[in-house]
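Asker: I am attaching a structure below and will ask some questions about it afterwards.
Below, the structure written as structure tokens:
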């Protein structure tokens, strides 16, 4: 009993202490109480978060009070609106003017469409933190915001703010953090920023700023983070930036900066990250510049016009982990010196320059080094081939090298001797020797092959003659029907006059001129293959992307294909189409919804916060989300449209991302109905053979669903490896990279994939299994035989259930069954939902034995994917028993030891 009384006394004393210390303080101002209820009403906040019968200082989420019961902080970030509040969100916060002691207002991620009120700068004089990140704020920044002289942090990133940066912001002398990134701000950087002497973070990236970088930035001696990337800044880099002795992160990339790197930058002794790529900087790199920057970890100078020799210091800088000097005019030989202890963790990209000479054995100690598209000669040690890319050089024992003429001309112009691929007395690269026995054997092989080919040709001709009557009957039936042309077909002359007024909104040419600033270069996003893309803001504040199509330069009316497509097709995974302007004689304009996160190309390497120093900003969860979203869009086109539609331009730049990184498929000007559905498909289905190539009858891009699957496989590899440009290229360099990478993807050994996974990804054991699974799916999509690539619907199911790709269905083990009557890879991986598919029957799959995988060459896919039959119509028309293999086994697995049964 005594113990219970003591406990009660202790609780009472604790409550009294909390009351006196202000932790249980109640709201003392009636004006502020009424203002809070007014704010709850105008923003449509839920009573669950701000309950009417509770004291705001005690129970309202995000309300912070002083010890005297006055409100000093309001945080609505993460709060949800009522149903009515979600229907009409507005920047309606007039009641904030009643909080005269308010020091912090945080609404990040809470939609407040509209402009920042002017009275913010007059009535919130005590404000220290204003956070409006990703709130859909529009219109210019009010000039009166410069009156908030107590402000220490101003976050306005990720909105649609327009206009110029007010000079009055230079009056915020206490400001420590200024983030205006990812908006539509134009004009120049105010010189008044030199007065912000307490500034530690300045982020103006991803806007439309122009003009030079003001030298006054160099006065900001406390600056730690400076990001001016992805603008239109011009002129040279001011030498005054070298006075920023505390600067840790400098990003000036993707601008129009010119001149040379000033030597005075050597004052940046604390700098760890230096990015000035994608500019027009020229000249020679001063070596003594980098001798002072001993803390550098990341250096990006790519895509400039730099020349001369690479500084030897790059090989001995103690902290340097990532160097990218690709696409410049660097020349000379690499230094022959021992690497420091951190070399094993380094990634160097020296590709697309004019470097030459021999390669020493030190290269093998890098994590990865790209020396492709240079002029290196001689032999390469075997260890150097493991972690390097050496294509398009003049090397002896590496494939895909430059021609003898190219290499000889390069060395001769510089007064140097070229080794002629190891044979100085010849004029051609060495060819393998062959004796009489090998010649005879080759003759016998050729005779056998030619004989077999002739036999197959004769057999095909016989079968064609036998089926000719049947095909004529099918053709007569289709000729007699009046079916309209399928979506994506090239419009004929009669379709030009078709009325598209009901497809979206009809804009006038003058409206779109105003929206884009007369199609100014500052609003140009990129030059697309079907037209130029511009950012724009409509009169109501809606952000849009406008495609400007010059019909005089287009070989076909690609805009008609898109209009026809959007008139018939609608899906959440397609880029929202808002309207068009077809009244101009020479120019046709298509209007789409603006995607805040651009496309996958730009988002994979975009910096999102000052705390994150890695180059890749998309974590694995987001990458998997992007992959699933893109697969959903393609699956809709392939399997839910009739006839099936082929995208034909699947690559990272076609995968657009909204503000929540949800996928919207773009680049729809090449879309068309799948070819081969009537005539030749009868033969190919009968023979169970794919078409001879991936080209359609037009001879251009493939018009089969299997081609989309192949391209999507390259996108998946980009997400796994972090290497950009794979999906947008099909040149020898890309193919060589694929040949080098695919052997590291094996269903039998997870650890192999770690050698190609993006080094910037932070993944635990469970996430690594998902990465491994996506890599396996990508490899299956890249099967050289179209008929053995998976249907997109099964790719989608695999990505939605990635762990089932690599784990057993019942035990959850990562090892696969090696002996079973139903022990196929597909049965193990997809068993649970395979049985739920009405179009799949339970035929036994191939068995994996000690000798290898048997039966994989006889893959039974639904219909004939290689012949273009990826539509749903094939499922019901087939009366034959289908295979249980709903996902093809990668056919070119490396020869490694299979896991034992546990």
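Numbering (mature numbering (1 follows the signal peptide of the UniProt record, and there is no 0)), first residue to last: -22 to -1, 1 to 880.
Glycine residues also receive a C-beta, built at the ideal position from the N, C-alpha and C atoms.
Among 479, 571 and 123, which has the Cα closest to the Cα of residue 541?
Answerer: 479
Asker: For residue 266, name the three-state secondary structure that DSSP assigns.
Answerer: helix
Asker: Applying the 10 Å Cβ sphere with the 16-neighbour rule, what's the burial state of residue 492?
Answerer: exposed
Asker: Considering only C-alpha positions, which residue in the set 5, 61 and 230 is nearest to residue 25?
Answerer: 61
Asker: Within the same chain, show all residues whose beta-carbon is closer than 7 Å to that of residue 778, passing over the 5 residues directly before and after it, in chain order.
Answerer: 606
Asker: Three or more C-beta pairs under 8 Å: does that hold for the stretch 61 to 72 against the stretch 35 to 46?
Answerer: no
Asker: According to DSSP, is residue 188 helix, strand or coil?
Answerer: strand
Asker: Please classify residue 66 as buried or exposed, where buried requires at least 16 neighbouring CB atoms within 10 angstroms.
Answerer: An exposed status is given to residue 66, since fewer than 16 other beta-carbon atoms sit within 10 Å of its beta-carbon.
Asker: Only counting runs of 3 or more residues, tell me where the beta strand (DSSP E) segments fall wholly within the stretch 58 to 111, in order along the chain.
Answerer: 82 to 84 and 107 to 109
Asker: Where residue 196 and residue 202 are concerned, what is the direct C-alpha to C-alpha distance, given to the nearest angstrom?
Answerer: 12 Å
Asker: Using a beta-carbon distance below 7 Å, is residue 548 in contact with chain D?
Answerer: Reference to chain D is not applicable here, since this structure consists of a single protein chain.
Asker: In terms of residue numbering, what span does the alpha helix (DSSP H) encompassing residue 536 cover?
Answerer: That run of the alpha helix (DSSP H) goes 536 to 546.
Asker: Under 7 Å between the Cβ atoms of residue 215 and residue 193?
Answerer: Not closer than 7 Å, so no.
Asker: Skipping 5 residues on each side, what residues in its chain have a beta carbon closer than 6 Å to that of residue 732?
Answerer: Answer for residue 732: no residue qualifies.
Asker: Along the chain, where does the alpha helix (DSSP H) that runs through residue 922 open and close?
Answerer: No answer is possible for residue 922: it lies beyond the span of the chain, which begins at -22 and ends at 880.
Asker: Per the DSSP calculation, residue 572 is bridged to which residue(s)?
Answerer: Residue 572 is not bridged to any residue.
Asker: Provide the residue(s) that pair with residue 260 in DSSP beta bridges, ordered along the chain.
Answerer: The bridge partners DSSP lists for residue 260 are 283.
Asker: Cα-Cα, which of 770, 338 and 716 is closest to residue 608?
Answerer: 770
Asker: Does the distance from the C-beta atom of residue 906 to that of residue 50 stay below 7 Å?
Answerer: Since the first and last residues shown for the chain are -22 and 880, residue 906 lies out of range.
Asker: In the DSSP assignment, the alpha helix (DSSP H) including residue 599 goes from what residue to what residue?
Answerer: 598 to 617
Asker: Ordered along the chain, which non-local residues of its own chain (more than five positions away) have a Cβ less than 6 Å from that of residue 209?
Answerer: 185, 187 and 233
Asker: Assuming residue 11 is part of the beta strand (DSSP E), what are its boundary residues?
Answerer: No beta strand (DSSP E) holds residue 11; the alpha helix (DSSP H) holding it covers 8 to 21.
Asker: Are the CB atoms of residue 133 and residue 96 within a distance shorter than 7 Å?
Answerer: Not closer than 7 Å, so no.
Asker: Residue 696 to residue 3, Cα distance in whole Å?
Answerer: 55 Å
Asker: Secondary structure at residue 348, three-state DSSP: helix, strand or coil?
Answerer: Here residue 348 sits in strand by DSSP.
Asker: What residue ranges within the stretch 131 to 181 form continuous beta strand (DSSP E) runs of no fewer than 3 residues, ordered along the chain?
Answerer: 131 to 133, 155 to 157 and 179 to 181
Asker: Starting from the Cα of residue 725, find the closest Cα among 772, 740, 780 and 684 and give me that residue.
Answerer: 780
Asker: Excluding five sequence neighbours on each side, which residues of the same chain lie with their C-beta closer than 6 Å to the C-beta of residue 730?
Answerer: If you ignore the 5 residues before and after residue 730, its C-beta comes within less than 6 Å of the C-beta of 722 and 724, all in its own chain and listed in chain order.
Asker: Where DSSP assigns a beta bridge to residue 336, which residues make up the other side?
Answerer: According to DSSP, residue 336 bridges with nothing at all.
Asker: With three or more beta-carbon pairs closer than 8 Å as the criterion, would you say the stretch 257 to 272 touches the stretch 283 to 303?
Answerer: yes
Asker: Which of the three DSSP states is assigned to residue 724 in this structure?
Answerer: coil
Asker: Work out the CA separation of residue 154 and residue 767 for me, nearest whole Å.
Answerer: Across the structure, residue 767 and residue 154 are spaced so that their CA atoms are roughly 55 Å apart.
Asker: In angstroms with no decimal places, state the Cα-to-Cα distance between residue 12 and residue 743.
Answerer: The straight-line gap from Cα to Cα measures roughly 52 Å.
Asker: Buried or exposed, going by whether 16 or more other CB atoms sit within 10 Å of the CB of residue 398?
Answerer: buried
Asker: Compute the distance between the beta-carbons of residue 382 and residue 376, then report whether it is under 7 Å.
Answerer: Not in contact: residue 382 and residue 376 (Cβ atoms no closer than 7 Å).
Asker: Could you check what DSSP says for residue 651 in three-state terms: helix, strand or coil?
Answerer: strand
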